[in-house]
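> Here you go, one structure.
In my numbering, the protein residues as written are 1089 to 1162.
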């Protein structure tokens, strides 16, 4: 039996799905540089800042909200 493809091809950055089919959450210790490369945006923050700190600073609860703010400000 072939391995099931767990990637969401229509999502920017080729986001993976977990075993239940939901999109995998971004870990709070993910570096901002990783998110900038994955989604092609510039958050105008230091590259070694963690997602959890950026999320708190921007007052958002999801990567999608942060991307909207970043694209709006660029």
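Note that beta-carbon positions come from the ideal geometry of N, C-alpha and C, so glycine has one too.
Rounded to whole angstroms, what's the CA-CA distance from residue 1138 to residue 1120? Just pull it up for me.
Walking along the chain shown from the start, residue 1138 turns up at place 50. Walking along the chain shown from the start, residue 1120 turns up at place 32. Computed Cα separation, rounded: 6 Å.
> Measuring alpha carbon to alpha carbon, tell me which of 1151, 1130, 1152, 1149 ends up nearest residue 1162.
Locating residue 1162 in the chain shown gives position 74, where the first residue counts as 1. Minimum Cα distance to residue 1162 is reached at 1130.
> Which residues in the same chain as residue 1155 place their Cβ atom closer than 7 Å to its Cβ, once the five residues preceding and following it in sequence are excluded?
Here the question's residue 1155 lines up with position 67 in the chain shown. Excluding residues within five positions, the ones whose Cβ falls inside 7 Å are 1127, 1129.
> For a quick check, are the C-beta atoms of residue 1143 and residue 1116 less than 9 Å apart?
Taking the first residue of the chain shown as 1, we reach residue 1143 at position 55. Taking the first residue of the chain shown as 1, we reach residue 1116 at position 28. It is a contact, given that the beta carbons lie within the stated cut-off.
> With residue 1138 as the anchor, note down where its alpha helix (DSSP H) starts and where it stops.
The residue labelled residue 1138 in the question sits at position 50 within the chain shown. Taken as a continuous stretch (DSSP letters only), residue 1138 belongs to no alpha helix (DSSP H), as it is neither H nor E.
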